[in-house]
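In my numbering, the protein residues as written are 377 to 621.
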């Protein structure tokens with residue numbers, strides 16, 4: 377079997393795979409810490425990997441802010457039972473009775489720069505915010521989503537996996553949902569909408585309420601293959617990328 381066809385997550389959850397000597401989820405969290413005011417981190421996972429995350433969380437340390445972790449096991453044991461990205465979000469909100477502003481981020485999304493400005497932007501807008509990134513090629517956008525905005529950065533059009541994209545700007549798995557939006561997430565699920573692909577929630581939400589965009593600085597990686605994992609390793613090791621650089 378070609379190397380690129382081997383699953384990254386056969387025996388280890390993808391966010392715990394090492395990049396430049398530490399699990400990629402630690403790079404994500406280290407860059408989120410500058411946002412400030414993070415009361416609790418919920419890591420949602422399946423039954424197979426819940427223990428892996430419990431052991432990791434027990435040893436994760438940051439010298440910037442004490443993070444409190446809750447590892448949430450969604451109970452799924454194979455792909456036929458998966459709740460989907462939005463389904464997992466809804467599961468956490470219900471089981472943990474979350475009633476607060478929320479930042480949602482995929483654990484396999486890597487950022488080369490701290491995200492403190494994301495937090496400042498979200499506090500300023502007090503409305504849903506989607507992080508966006510210029511992938512540089514229209515063909516790549518077909519794998520993600522296409523976005524149009526007005527002069528204020530408010531989304532005016534959102535399309536998942538567009539057949540004919542006209543912009544290289546795409547939304548990535550970094551979201552801000554203020555507390556007052558949480559009932560709409562429950563509504564989305566109650567209506568029987570697609571529980572997977574987190575962008576579907578934005579696609580449903582933006583015609584109802586203002587949803588703004590924030591451009592990710594530096595480099596962004598969506599780790600979905602060995603090639604992307606190796607490229608991220610080279611960047612983070614060769615350039616010494618860290619939250620303080």
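The beta-carbon is built from N, C-alpha and C at its ideal position, and this holds for glycine as well. In this text the structure is predicted, and so the values were computed from the model without any measurement.
Check: Residue 378 to residue 466 span [Cα, whole Å]; Outcome: A caution first: residue 378 carries a pLDDT of 38, below 50, which makes its placement in the model too unreliable to give a value.
Check: Coil, strand or helix - residue 405 by DSSP; Outcome: helix
Check: Inter-residue spacing [alpha-carbon to alpha-carbon] between residue 475 and residue 446; Outcome: 15 Å
Check: Close Cβ partners of residue 514 (< 7 Å) along its chain, the five nearest in sequence each way excluded; Outcome: 541, 544
Check: Nearest-angstrom Cα separation, counted from residue 469 out to residue 613; Outcome: 37 Å
Check: Nearest-angstrom Cβ-Cβ length linking residue 549 and residue 485, presumed shorter than 8 Å; Outcome: 5 Å
Check: Sub-8 Å separation of residue 590 and residue 505 beta-carbons; Outcome: yes
Check: Top-ranked residue by Cα proximity to residue 497, from 436, 451, 387, 410; Outcome: 410
Check: Contact check, residue 464 vs residue 417, beta carbons under 8 Å; Outcome: no
Check: Start-to-end residues for the alpha helix (DSSP H) that takes in residue 533; Outcome: Taken as a continuous stretch (DSSP letters only), residue 533 belongs to no alpha helix (DSSP H), being part of the beta strand (DSSP E) at 531 to 536.
Check: For residue 596: DSSP bridge partner residues; Outcome: 487
Check: Under the three-state DSSP convention, the category residue 425 falls into; Outcome: coil
Check: Under the three-state DSSP convention, the category residue 510 falls into; Outcome: strand
Check: Cβ-Cβ separation, residue 389 to residue 428 (assumed contact under 8 Å), whole Å; Outcome: 6 Å
Check: Neighbourhood of residue 621 by C-beta, 7 Å cutoff - its chain only, sequence neighbours within 5 removed; Outcome: Low confidence applies to residue 621: its pLDDT is 37, below 50, so where it sits in the model is not reliable, and the reading given next is rough at best. No residues qualify anywhere along the chain.
Check: Segment contact, 8 Å Cβ cut-off, at least three pairs: the stretch 556 to 576 with the stretch 524 to 541; Outcome: yes
Check: Contacts around residue 502, its chain only, beta-carbon distance under 7 Å, and the 5 residues preceding and following it disregarded; Outcome: 554
Check: Other residues of its chain near residue 608: CB distance less than 6 Å, five sequence neighbours each side excluded; Outcome: 395, 486, 597
Check: Proximity of residue 481 and residue 404 at Cβ, strictly below 8 Å; Outcome: yes
Check: For residue 424 and residue 434, the rounded distance between their alpha carbons; Outcome: 18 Å
Check: Length of the line joining the Cα atoms of residue 387 and residue 599; Outcome: 16 Å
Check: Residue 460 versus 602, 610, 576, 605, residue with shortest Cα-Cα distance; Outcome: 576
Check: Backbone secondary structure at residue 516 - three-state DSSP; Outcome: helix
Check: Spatial distance of residue 414 from residue 402 (CA atoms); Outcome: 15 Å
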